Structures are given as structure tokens and as C-alpha cells.
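*Asks:*
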Amino acid sequence: MLTPKSSRPTPERLLDAAETLMRTIGLANTTTKAIAREAGCSEAALYKHYANKEELFVRVLMERTPNAGPLMAALTAEPGERPVEESLTDIARRAALFYADAMPLAASLFAEPVLLGRHREGVREIGAGPHVVLDALEGRLVRERDAGRLRDGADPRAAASLLLGACFQRAFFLHFSGAEVVQPVEEFAPAIARTLWAAIS
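See below:
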């Protein structure tokens, strides 16, 4: 008989277990059976609380990486609360840190095409995916444009792609080549925001 490893509620124990396994053996090697075993409960209990492994992955990303919540809050803020360039700097900083946290969790999937396809479908089923951040930043920039704070002809989708693409690339370089080849985030974020703002303001 499985014995819970803590007195925390089952959903929290499952999230704890998923995070531990994803960070130690990689997402590709983390199964629902292994998560349940690590949490000290049955696989059936896991499915009472979560639709699939992909939902657990998304929850780990959004709840267990420190910059996910603040990033989404910045992306969904209403225009006019701060100067646009200042807001873009905050978004770039949080996105760069979020991608740096998230990349190691998902990287192992790309070595397993079948698992990657399964993961893609599972994430799609729960209405999640990496595009959510891009869509949110595009929406934020559309609101800024509608408030008259972006120049006519500025393309919110392209602008969002440029900012987030730079943040994602920084995370890739950070993990592949090491911290010495990337700008510190305190320098990177304002430089990206300033350059983007010059193009769309």
C-alpha cells in the first residue's frame, strides 16, 4: 500500500513530485506512474486531480517557477499604468528569467519526437502552450496601440515576437554556452525594451 510522503493535500503532493522528477530526470522520463509513486499515491488518484501529465507540467511552470505569475500579470496589465518602455523592460526581464527557468524542464522532450508529439497534443487539450505568452503580449500591445501609445502601423504581433524571441534566445545561450556569453538580465532587458520601443513608438 502506498503511503503519502507528507501531510500536504494530494494535489500539492502531486505537483511537488512532478516538479522534483521533471527537474531531476527530465520531462521525457517523467511518467504519471512515477509521479504518483513519488507522491505516495495511486495513479488513479493523480487522474482525479489532473487531466494528464501535460497539465501537471503547465502547473509546475506557472506555479513553481518564480517569474511566471509576475510575467503574466505584467502581460495582462491595462495600458497607462506605467510608461510603455518601462513596462516592456519589466516584461523582458521577467520573460528572460521565465524562459531560463522553463527551458531545462522541457528540453528533454526534443530528443523524443513521439513524446514531443504526445506532449503537444496533451497541452493543446487543456488550452495551454508556449503561444499563450505571445498572445498575451500581443494583446497588451494592441491595448497600448488602441490607447494611442504606439505609432500607426506598428505591428503588435511582430513586436511581441521580437521581444519574446530575444528572451528565449538568451535562455538558450545561457544554458547551452553558459552565463559568460549572455548579457546580465539587468542590462539585457532595458536594451531590448529600448530598441523595440524606438521601432514602435
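Note that my numbering numbers the sequence shown so that position 115 is 164, with each residue one more than the last. The beta carbon of each residue, even a glycine, is placed where N, CA and C say it ideally should be. This structure is a prediction, so every number in the text was calculated from the model and none was measured.
Thr125: buried (16+ other C-beta within 10 angstroms of its C-beta) or exposed?
*Replies:* Taking the sequence shown and counting its residues from 1, the one referred to as residue 125 is at position 76. Looking at its Cβ environment, which holds fewer than 16 other Cβ atoms inside 10 Å, Thr125 is exposed.
*Asks:* Out of His98, Arg86 and Phe159, point me to the one whose CA is closest to Leu76's CA.
*Replies:* Within the sequence shown, the letter at position 27 stands for residue 76. Ranking the options by Cα distance to Leu76, first place goes to Phe159.
*Asks:* Please confirm if the stretch 116-124 is in contact with the stretch 141-154, defined as three or more CB-CB distances below 8 Å between the two stretches.
*Replies:* Output reads yes: the stretch 141-154 touches the stretch 116-124.
*Asks:* Taking Tyr148 as the reference, which of His224, Ala66 and Ala83 has the closest Cα?
*Replies:* Counted from its first residue, the sequence shown places residue 148 at position 99. Selected option, being the one with the closest Cα: His224.
*Asks:* Using 8 Å as the threshold, is the stretch 120-138 in touch with the stretch 93-107, meaning 3 or more CB pairs across them?
*Replies:* Counting Cβ pairs under 8 Å, fewer than three are found: no touch.
*Asks:* Grab me the residues of Arg189's own chain with a C-beta within less than 6 Å of its C-beta, minus the 5 sequence neighbours each way, in chain order.
*Replies:* Taking the sequence shown and counting its residues from 1, one reaches residue 189 at position 140. Hits under 6 Å: Leu124.
*Asks:* Here's a check: name, in chain order, each residue in its chain whose Cβ is nearer than 7 Å to the Cβ of Thr40, leaving out the five neighbours to either side.
*Replies:* Since the first and last residues shown for the chain are 50 and 250, residue 40 lies out of range.
*Asks:* Please list, in chain order, all residues of the same chain as Ala242 whose beta carbon is under 6 Å from its beta carbon, the five residues on each side excluded.
*Replies:* Within the sequence shown, residue 242 is the residue found at index 193, counting from 1. Glu134, Leu137, Thr138 and Ala141, listed in sequence order.
*Asks:* Rounding to the nearest angstrom, what Cα-Cα distance links Gly171 and Ser250 in this structure?
*Replies:* The residue you call residue 171 lines up with position 122 of the sequence shown. The residue you call residue 250 lines up with position 201 of the sequence shown. Whole-angstrom Cα-Cα distance: 39 Å.
*Asks:* With distances taken Cα to Cα, identify the nearest neighbour of Leu286 among Glu174, Pro153, Val231 and Leu245.
*Replies:* Residue 286 lies beyond the range of the chain shown here (50 to 250); nothing can be said about it.
*Asks:* Between Pro179, Ala207 and Ser226, which lies nearest to Val107 when the distance is taken from Cα to Cα?
*Replies:* Numbered from 1 along the sequence shown, position 58 holds the residue referred to as residue 107. Ranking the options by Cα distance to Val107, first place goes to Pro179.
*Asks:* Ignore the nearest five residues each way along the sequence and tell me which others in Ala66's own chain have a CB closer than 6 Å to its CB.
*Replies:* In the sequence shown, counting from the first residue as 1, residue 66 sits at position 17. So the list reads Ile84, Glu87 and Ala88, once near-sequence residues are dropped.
*Asks:* Below 8 Å on the Cβ atoms is my contact criterion, and I expect Cys90 with Arg62 to pass it. Report the Cβ-Cβ distance as a whole number of Å.
*Replies:* As a first step, residue 90 must be located in the sequence shown, where it is residue number 41. As a first step, residue 62 must be located in the sequence shown, where it is residue number 13. At roughly 7 Å, the Cβ-Cβ gap stays under 8 Å, so Cys90 and Arg62 are in contact.
*Asks:* Classify Thr80: buried if its beta carbon has 16 or more other beta carbons within 10 angstroms, exposed otherwise.
*Replies:* Translated into positions along the sequence shown, residue 80 becomes position 31. It counts as exposed.
*Asks:* With DSSP as the reference, label Ile175 as helix, strand or coil.
*Replies:* If you number the sequence shown from 1, residue 175 lands on position 126. In the structure shown, Ile175 sits in coil (DSSP, three-state: anything other than H, G, I, E or B).
*Asks:* Assuming Leu183 contacts Ser210 (C-beta within less than 8 Å), just tell me the rounded distance between them.
*Replies:* For the purposes of this step, residue 183 is taken as the residue at position 134 of the sequence shown. For the purposes of this step, residue 210 is taken as the residue at position 161 of the sequence shown. About 7 Å; that satisfies the 8 Å criterion.
*Asks:* Would Glu68 pass as a contact of Lys82 if the rule is Cβ separation under 7 Å?
*Replies:* Numbered from its first residue, the sequence shown carries residue 68 at position 19. Numbered from its first residue, the sequence shown carries residue 82 at position 33. Going by C-beta atoms, Glu68 is not nearer than 7 Å to Lys82.
*Asks:* Rounded to a whole number of angstroms, what is the C-alpha to C-alpha distance between Glu104 and Met121?
*Replies:* Here residue 104 refers to the residue found at position 55 when the sequence shown is read from its first residue. Here residue 121 refers to the residue found at position 72 when the sequence shown is read from its first residue. Roughly 18 Å between the two C-alpha positions.
*Asks:* Considering only the alpha carbon of each residue, which of Ala215, Glu235, Ala248 and Glu193 lies closest to Pro128?
*Replies:* The residue you call residue 128 lines up with position 79 of the sequence shown. The residue with the shortest Cα to Cα distance from Pro128 is Glu193.
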